[in-house]
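Enquirer: Pasting in a structure now, in structure tokens, and then I'll have a few things to ask.
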Amino acid sequence: MAEGPIRVNRRTVLVAAGGLAVAGVGIPATLAASSEPAPPAESPNRRPISMAMHIHASFSEGIASYAAHLDQASHNNVDVVWWTDHDFRVAAHDHRRVVHFDGEEELEGQLAWNWSASTEGTLTASGADFVDSPHGMDDPPKALRLTATGDGTFWYAGTAWNWTHTGNISDTTLHLDVLPEAAGTDATLIVEIALSHHPATGGRPAGQYALRYRVGAAERRAHSTDGLLGTVDLPAAPGQWRRLTLPLVEDVRRLWPDLAAGDNSLRGLRLGVHVTGSAPGSFVVDRLVFDRARRAGQAGEDLRAEVLRAYEDRFPGVTHHRAYEVSLVRHLNWFGGDQTLPAFPTPPYRNNDVARTEQMIDFLHSHGGVVSWNHPLDVENRESLARLMVERNNLGADLVEIGRAPLDDHLWVLDVAARNAVFFTAVGVTDDHDGTDWRGAAERHITYVWASSTDRDDLVAALRAGRAWFTDLARYRGALDIEVDGRTAMGAVVVTSAEELTVRLLATDLPAGAALELITGTVDLAGVADLTPATRTTRISARQLRQGWHDLRVEPGAGAYVRTQVRGADGRILGVSNPSWFLRSVSGDGIPPARSF
């Protein structure tokens with residue numbers, strides 16, 4: 010899209026939020042636009058803080074580096090990045106350890122390794138054959154012979170089940186047995202490692218880096234670079250087995266000294282025979298070992314913290330915090346807490362059993378922080394999700410990823426849950442594994458909170474209380490709030506006996522042609538007997554807003570809730586607040602302490 014970065018107008022926010030004293034809240038009786046600002050709110054130091062809450066980098070399976078995402082955050086004026094790398098990938102749990110070259114598919118435990126062939130250039134002959142002899146020094150029964158003739162490269166790429174060969178290279182050394190049969194300056198073996206995507210740096214463009222080990226052409230080890238491609242030449246005498254040791258991070262550091270070498274993933278691996286001038290090339294390879302030295306127990310998390318320290322001062326406008334996507338149950342993001350890794354099953358298959366997910370949420374809560382239920386529509390349909398939320402009290406999760414496609418279905422579920430007093434914080438989704446273009450991504454809903462700082466504990470407290478809203482990163486960056494008596498009530502539960510209350514709605518910096526929509530709903534605890542929203546929508550034009558705010562008189566009745574959303578001129582929803590509930594009493598599990606008004 011052509012628009013430049015949008016940022017919340019701080020002056021607009023402070024003027025609007027500084028006048029939020031009101032008389033009292035529920036289903037609208039009338040709408041009234043106030044003409045004078047009210048006295049200041051009770052938290053003058055609070056401010057809107059934008060967060061990308063679901064971000065994967067070099068400890069996950071995508072191409073992104075941490076630097077790439079930090080660069081995107083900086084260019085898009087996002088204040089905070091939460092690193093939600095997959096927990097079992099941080100630990101490299103059940104990741105590939107050895108490839109024996111015994112066939113096109115090779116199991117390690119129950120997890121497969123597969124090979125696929127491709128060619129570049131003009132080859133007159135090429136092949137990959139699994140042979141009984143010769144084989145490696147201590148790895149019978151088979152090995153792989155790669156051959157090529159002509160002018161080009163024959164590639165043989167390997168992948169493990171669910172990308173379990175990938176992962177951060179900081180502690181990873183590869184070992185490979187090689188027998189050159191026909192080799193020389195015009196016939197070499199290439200071991201190519203696809204690394205991570207990095208922003209432009211050191212005179213090089215943004216892009217994905219690659220590390221190549223070229224075997225058989227040089228008499229001594231040598232390093233050279235061509236932009237994003239780095240080459241390490243390794244000597245290997247024809248007719249002799251040699252065990253190659255490939256210290257990935259050391260070679261990246263030597264090739265590109267300005268790069269944070271540890272911030273790279275082993276994103277892809279392929280072997281190739283490169284030939285020129287119609288020369289024949291032939292190499293036998295065996296016993297590929299992935300030696301990961303620092304992943305046992307909590308060591309993987311310690312390693313991740315070490316890698317991230319390289320960026321403590323490089324992106325001063327962006328705060329970043331470590332988190333996890335807990336991935337072997339229904340996916341959960343975990344923010345805050347002591348970051349103790351849970352136990353992992355073997356093999357690392359995802360188990361969607363509801364009880365197991367609830368147990369995992371209990372485990373995470375016992376270690377502090379808040380838990381988000383990710384991509385919740387990984388069920389049959391929205392009715393199934395609503396039933397699960399109502400019957401199982403949202404599985405105990407504090408947050409839910411509502412701001413994602415299909416947005417209308419997720420908001421439908423939010424309204425069913427709100428009708429049944431199922432309390433959670435709706436957050437936006439930036440489930441990005443690439444770090445190349447946040448604004449152009451399909452999932453680009455960032456989450457804002459009202460907080461006094463970007464410190465982790467302040468942000469977690471705001472999320473727990475529901476003082477949050479989400480917006481389309483590229484199209485709307487204004488502030489939303491719901492206030493009662495000069496205090497933030499967004500996310501809160503107000504227990505009241507009043508027949509009528511007044512709520513102040515905040516919505517700043519609406520785009521041209523956009524309107525604020527007020528969603529008011531009944532809270533009647535209908536349960537699974539009526540899994541539908543009970544809502545009414547009222548449109549408030551930009552002209553009805555005074556310095557970003559609008560007063561609403563509400564009759565709580567037996568129970569009500571209020572939330573707002575910004576709809577663009579094209580009909581798309583650009584921003585959504587969390588609800589405020591107004592109840593006569595609370596039964597069941599009661600009010601979470603952080604939501605008590």
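Basically the working numbering = 1-based index in the sequence shown + 9. Beta carbons: idealized from backbone N, C-alpha and C, even for Gly. Please read these numbers as outputs of a predicted model, since none were measured by experiment.
So, for THR573: in the same chain, excluding its five sequence neighbours on each side, which residues have a beta-carbon less than 8 Å away from its beta-carbon?
Expert: Same-chain partners within the cutoff: LEU489, ILE491, LEU514, ALA516, LEU525, GLU526, LEU527, ILE528, VAL585 and SER586.
Enquirer: Take ALA152 and list the residues in its own chain whose beta-carbon comes closer than 7 Å to its own, dropping the five residues that flank it on each side.
Expert: PHE110, VAL140, PRO143, HIS144, GLY145, VAL293, VAL294 and ASP295.
Enquirer: State the DSSP-derived secondary structure class of GLN368, mapped to helix, strand or coil.
Expert: Looking at GLN368 - three-state DSSP - the assignment turns out to be helix.
Enquirer: Rounded to whole angstroms, how far is the Cβ of GLY412 from the Cβ of GLY437, which I believe are closer than 8 Å?
Expert: Right, the Cβ-Cβ distance comes to about 3 Å (below 8 Å), so this counts as a contact.
Enquirer: Identify whether GLN81 lies in helix, strand or coil by the three-state DSSP scheme.
Expert: Reduced to three states, the DSSP call for GLN81 is helix.
Enquirer: Can you tell me which of LEU253, ALA414 and ARG562 puts its alpha carbon nearest to the alpha carbon of VAL241?
Expert: Taking only the C-alpha atoms, the option nearest VAL241 is LEU253.
Enquirer: Buried or exposed, going by whether 16 or more other CB atoms sit within 10 Å of the CB of GLU334?
Expert: It counts as buried.
Enquirer: Do you know how far the Cα of VAL316 is from the Cα of ASP94?
Expert: If you take the alpha carbons of ASP94 and VAL316, they lie about 13 Å apart.
Enquirer: Quick one, which of ASP186, TRP590, ALA246 and ALA203 has its alpha-carbon nearest GLY176's?
Expert: Closest by alpha carbon: ALA203.
Enquirer: Check the C-beta distance from SER135 over to THR156 and give it rounded, since I have them as a contact under 8 Å.
Expert: Yes, they are in contact, since the Cβ atoms of SER135 and THR156 sit about 6 Å apart, within 8 Å.
Enquirer: Start and end of the beta strand (DSSP E) containing GLU259?
Expert: Here GLU259 belongs to no beta strand (DSSP E); instead the alpha helix (DSSP H) covers 257 to 264.
Enquirer: Under a three-way DSSP split, which group does ASN273 fall into?
Expert: Of the three classes helix, strand and coil, the one that applies to ASN273 here is coil, per DSSP.
Enquirer: Counting only the same chain and skipping the five closest in sequence on each side, list residues whose C-beta sits under 8 Å from that of VAL595.
Expert: Answer for VAL595: ALA430, VAL502 and VAL504, listed in chain order.
Enquirer: Taking its Cβ as the centre, do 16 or more other Cβ atoms sit within 10 Å of ALA76, making it buried, or is it exposed?
Expert: Classification of ALA76: buried, given that the 10 Å Cβ count is 16 or more.
Enquirer: Tell me the DSSP secondary structure of TYR485 in three-state form.
Expert: TYR485 falls in the coil class under three-state DSSP.
Enquirer: Is SER135 helix, strand or coil when you go by DSSP?
Expert: SER135 falls in the strand class under three-state DSSP.
Enquirer: Could you tell me which residues DSSP pairs with ALA152 in its beta bridges?
Expert: In DSSP, ALA152 forms a bridge with VAL140.
Enquirer: GLN249 to LEU188, Cα distance in whole Å?
Expert: Whole-angstrom Cα-Cα distance: 6 Å.
Enquirer: How close, in whole Å, do the beta carbons of VAL380 and ALA406 come, if the pair is a contact with beta carbons under 8 Å?
Expert: 5 Å between Cβ atoms; contact.
Enquirer: Hey, quick one: how far does the alpha helix (DSSP H) through PHE97 stretch, first residue to last?
Expert: Residues 96 to 99.
Enquirer: Please state if the CB of TRP91 and the CB of HIS330 are separated by a distance shorter than 9 Å.
Expert: For HIS330 and TRP91, yes; Cβs fall inside 9 Å.
Enquirer: Going by DSSP, name the residue or residues bridged to THR546.
Expert: Partner(s): ILE528.
Enquirer: Going along the chain, which residues of its own chain have a beta-carbon closer than 7 Å to the beta-carbon of VAL469, five neighbours each way excluded?
Expert: These residues qualify, in order along the chain: PHE344, GLY345, GLY378 and VAL379.
Enquirer: What are the start and end residues of each continuous alpha helix (DSSP H) run of 4 or more residues lying completely inside the region 441 to 517, in chain order?
Expert: Those alpha helix (DSSP H) runs which fall completely within the region 441 to 517 and span 4+ residues are 465 to 474.
Enquirer: Take GLY2 as the anchor and find which of GLY193, SER125 and GLN348 has the nearest alpha-carbon.
Expert: No answer is possible for residue 2: the residues shown for the chain start at 10 and end at 606.
Enquirer: Helix, strand or coil: which one does DSSP assign to ASN177?
Expert: The answer is strand: DSSP assigns ASN177 an E or B state.
Enquirer: Could you give the first and the last residue of the continuous beta strand (DSSP E) run that contains GLY216?
Expert: Note, GLY216: beta strand (DSSP E), 216 to 224.
Enquirer: Using the Cβ count rule (16 or more neighbours within 10 Å means buried), how would you classify ALA246?
Expert: Per the 10 Å Cβ criterion, exposed.
Enquirer: Mapping DSSP to helix, strand and coil, what is GLU622?
Expert: The shown model of the chain, from 10 to 606, leaves out residue 622, and the question about it has no answer.
Enquirer: What does a CB cutoff of less than 7 Å around TRP421 pick up in its chain, not counting 5 residues either side in sequence?
Expert: Taken in chain order, the residues that qualify are ARG391 and PRO542.
Enquirer: For HIS559, count neighbouring Cβ atoms within 10 angstroms of its own Cβ and tell me buried if that reaches 16, exposed if not.
Expert: Buried, by the Cβ-count rule.
Enquirer: List the whole-angstrom C-beta distance separating LEU482 from TRP459, where the pair is believed to meet the contact cut-off of C-beta under 8 Å.
Expert: Not really, about 19 Å apart at Cβ, beyond 8 Å.
Enquirer: So, are the CB atoms of PHE68 and PHE353 less than 9 Å apart?
Expert: No.
Enquirer: Thinking C-alpha only, which one of THR181, LEU120, PRO149 and VAL282 is nearest GLY161?
Expert: Among THR181, LEU120, PRO149 and VAL282, the Cα nearest to that of GLY161 belongs to VAL282.
Enquirer: For ARG55, collect the residues of the same chain with a Cβ closer than 7 Å to its Cβ; drop the 5 residues on either side in sequence, then sort them by chain order.
Expert: Correct list, in chain order: TRP459, ALA460 and SER461.
Enquirer: Answer yes if the region 72 to 88 comes into contact with the region 101 to 110, meaning at least three C-beta pairs across the two stretches below 8 Å, and no otherwise.
Expert: With a cut-off of 8 Å, the region 72 to 88 and the region 101 to 110 do not count as touching, because too few Cβ pairs lie within range.
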